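Each remark here refers to the structure printed beneath this line.
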Amino acid sequence: MDHTQTLLEVRGLQTAFHTEAGAWLAVDGVDLTVGRGEILGLVGESGSGKSVTGFSLVGLIDPPGEVVAGTVRFDGLELNGMDEAQLRTLRGNRIAMIFQDPLMTLNPVLKVGEQMAEAIYTHDPAISRAKIRERCVQALTQVGIPSPESRLDNYPHEFSGGMRQRVAIAIAMLNKPDLIIADEPTTALDVTIQAQILFEMQKLCAEQNTALIWITHDLGVVAELADKVAVMYAGRIVEYGTVEQVLSNPVHPYTRGLLDSMPGRAAAGSRLAQIDGMAPTLTGRETGCAFRPRCSRSAEVCARQAPEIEQEGERQYRCHFPILELAA
Amino acid sequence: MNEMTTSGLVPAHTARDGDVAPVITLQGLYKQFSSKPDLAQRLLTLAGRNAEPPTVHAVNGVDLEIRRGEVLGLVGESGCGKSTLGRMVAGLIKPSAGTIKFNGEDTAGLRGARKRDYTLGVQMIFQDPQASLNPKQKLSKILAEALYVHKLAPRAQIAARVEQALLEVGLDPEYSNRLPHQISGGQRQRIGIARALMVQPAFLVCDEPVAALDVSIQAQVINLFMDLRDRHGFTYLFISHDLGVVRHISDRVAIMYLGRIVEIAPTADIYGHAVHPYTQALLGEMPDVQRRRRTFVPIKGEIPSPLAPPPGCTFHPRCPHAMDICRRQVPELRQIAPGHQAACHLTLS
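Read top to bottom, the protein sequences are chains C and D. Number 212 in our numbering belongs to position 212 of the first sequence; there are no gaps in the numbering. With the second sequence counted from 1, adding 328 to any position gets you our numbering.
Right, here's the structure in full:
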């Protein structure tokens, strides 16, 4: 598919959380480009800033958090600093979001059909009731929910976990958005249900040329689903490129370490290659490269100076001592 | 180690010799949960109409042997009864029917010192270390509690034992003064493991012990489990939904679906030539970093409600090979190769 037409371009995004002890950058200078119909896997461990990045893009950061710098160009529009009323016409319409826990995002006292209708008439007040119903049924059918007509009159608790997530996806797809930001949408689901959801997402993105940012910690899912991968560590994207580049030939020691520590690469029963230590907390990041304390390749310069973005074709990375011999 | 009983400690990996006595034997194990009858149901009962309360058959007839020194992986999706089974093995809940034998003795009839040998000999490690550690107790107190309660060590030695346990799980002994919220998730899981080690068990039931951890921390904890096994010869019942982790750590794997074991075999056989369609489906859906731009083909349907399981083979509504007999008759778990058992009508035809 042609993903050459840029849909979203993020430059120098910084999101801070203000505390009594000062402001801490949960997202510290993120650049991202997503083409139309492209699937980007945004990968990181807990606390890496991947979810905050997703929320920052669409202005969903609440105090004490604040987007303090950066530009977010979406199809020619600047989202950072856009007023709330204007953002609302985009959210749920041209940009949709899917969250990890559909029980938190679905209103427990409204029937699923009413919630879906709301998403349609908010953005198109002139639409007829019959037309709304038709589109709701169509959306539920698309995500593979059996007997959608009668399911519209059910409440969220009457659906199983996997079904609820499919309802959330159906709501996200209702207005045929250009971009979907999905934050760990299958993490809480079983593998067989996850496969069903991935199947629907893949199909819908291909059919409607919807771009997708898939935020996750699961490298396996990203490998199978995404076109591009961005690996986040301590608020920065440390490696970015095509799935082939990043997951088959990683140049950043962190990406390499993550892949090596996955069971399945090593012989069964042998010790896994582990990354020692743990990711720094938001307030405990050191100067220089944030990965330095856990890195086997670190040298004196890593403590002094945070690595700048190096570009090599489509691949980008931040590392003073990349594993380049393997990439060759 | 010290003066404590070390009867449970034998060299690791003896399970591969085959004829080792089982540590845990489960025979015809059942566990049902039913809600208390509400007012309407009680009135109906009074009026002579006997209304059955809704009953979940969480574990529905399991026979299993876990041999000394082996790691048995127990895999299944949420609601299949794998945690309930683990909790029964650890003695946390009582089975509705069936027996659990520990070192050949029925645990239901144990009294006194022998009961203590069982309850201390089988320890459990939980998925969520946050929820299983008292937030108001210092780590030293959490770790030392069992020693006090069971009078396993003289007071003077307790601090040393706590320190030893912390070192064993790779934590700085300095941590003993901290509270659970002052350490990270991975470290909390290490405390959960250290707490189990305090009473020198022989058998560990690990219920999704790495599911809540980040990838890089997951590898550290898996390595710790394998180190402990090498050092102490522990036997593990390793419950997980993650087929990758289970393949790495287990000697044998059992697959559970709606309260029953549907396939059990040595790890290489499960991952190499699984015969049950459910096992095959699970393996097919296992995410794989080597695979690119996969075309997802979902297996149809959801796990049926355990309140109303389908008749016959409970997997038949989702099974691509379902035959007439599958809708009528529950398949028995049968031997299909040495050490390899499966419950599927297909294996007969």
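Using N, Cα and C, we set each Cβ at its ideal position, and we do this for glycine too. Values in this document were obtained by computation on a predicted structure and should not be read as measured data.
- Taken in chain order, the complete alpha helix (DSSP H) segments of 4 or more residues contained in the region 226-304 of chain C are 253-260, 300-304.
- Between H644/D and D597/D, the gap from beta carbon to beta carbon reaches 8 Å or more.
- Within chain C, V191 have C-beta atoms less than 7 Å from the C-beta of M614/D, given in sequence order.
- Neighbours of D535/D across chain C, judged by C-beta separation under 9 Å, do not exist; the nearest C-beta is about 16 Å away.
- Taking C-alpha positions only, Q451/D is separated from E405/D by approximately 23 Å.
- Sixteen is the threshold: when 16 or more other Cβ atoms of the shown chains lie within 10 Å of the Cβ of K228/C, as they do, the residue is buried.
- Among the residues of chain C, those whose CB is under 7 Å from the CB of A609/D are T192, following chain order.
- R557/D counts as buried, since no fewer than 16 other beta carbons sit within 10 angstroms of its beta carbon.
- Nearest neighbour of L42/C by Cα position, chosen from Q142/C, E300/C, Y233/C, turns out to be Y233/C.
- When C-beta distances to chain C are compared with 7 Å, the residues of the region 547-580 of chain D below that value are A547, Q548, I550, N551, M554, H569, G572, V573, R575, H576, in chain order.
- By a beta-carbon distance limit of 8 Å, I453/D contacts G520/D. Their separation comes to about 5 Å.
- In this structure, the straight-line span from the alpha carbon of E200/C to that of H157/C is close to 22 Å.
- Look at the beta carbons and you see the region 538-558 of chain D touching the region 32-47 of chain C: at least three pairs across the two are nearer than 8 Å.
- Of all residues in the region 219-242 of chain C, the ones placed with a Cβ closer than 9 Å to any Cβ belonging to chain D are L219, G220, V221, V222, A223, E224, L225, A226, D227, in chain order.
- Beyond the five residues adjoining it in sequence on each side, E149/C comes within less than 7 Å, by CB distance, of V137 in the same chain, given in chain order.
- Between the C-alpha atoms of I98/C and A168/C there is a straight-line separation of about 7 Å.
- Remark: C-beta atoms of P605/D and H649/D approach each other more closely than 8 Å.
- Taking a Cβ-Cβ threshold of 7 Å, none of the residues of chain C is close to G376/D; the smallest such distance is about 33 Å.
- Taking 8 Å as the cut-off between beta carbons, none of the residues of the region 409-436 of chain D comes near chain C.
- Assignment of beta-bridge partners to H385/D by DSSP yields Q360/D.
- In the three-state scheme derived from DSSP, where H, G and I count as helix and E and B as strand, C534/D is classed as strand.
- Nearest to F361/D by C-alpha distance, out of V387/D, V538/D, L374/D, T353/D, is V387/D.
- In this structure, V27/C and G235/C form a Cβ contact; the two beta carbons are roughly 5 Å apart against a cut-off of 8 Å.
- Residue pairing by DSSP places R73/C opposite E9/C, E78/C in a beta bridge.
- Sequence-distant Cβ neighbours of H18/C in its own chain, meaning closer than 6 Å and more than five residues away, are P64.
- A Cβ of chain D is located within less than 8 Å of the beta carbon of M262/C.
- Nearest in C-alpha terms to P253/C, of all of R297/C, Q311/C, Q274/C, is R297/C.
- Taking C-alpha positions only, A547/D is separated from G407/D by approximately 26 Å.
- Interface flag for F291/C against chain D is unset, since no Cβ pair is found closer than 8 Å.
- Counted as a single uninterrupted DSSP element, the beta strand (DSSP E) harbouring P594/D occupies residues 588-594.
- The way I'd put it, the region 422-434 of chain D doesn't touch the region 510-528 of chain D; fewer than three beta-carbon pairs between them come closer than 8 Å.
- Within chain C, M278 have C-beta atoms less than 7 Å from the C-beta of I545/D, given in sequence order.
- The contact set of E45/C on chain D, defined by CB atoms closer than 9 Å, consists of D542, V543, S544, I545 in chain order.
- At a cut-off of 8 Å between beta-carbon atoms, G514/D makes contact with chain C.
- Under the three-state reduction of DSSP, H320/C is assigned to coil, being neither helix nor strand.
- In the three-state scheme derived from DSSP, where H, G and I count as helix and E and B as strand, L541/D is classed as coil.
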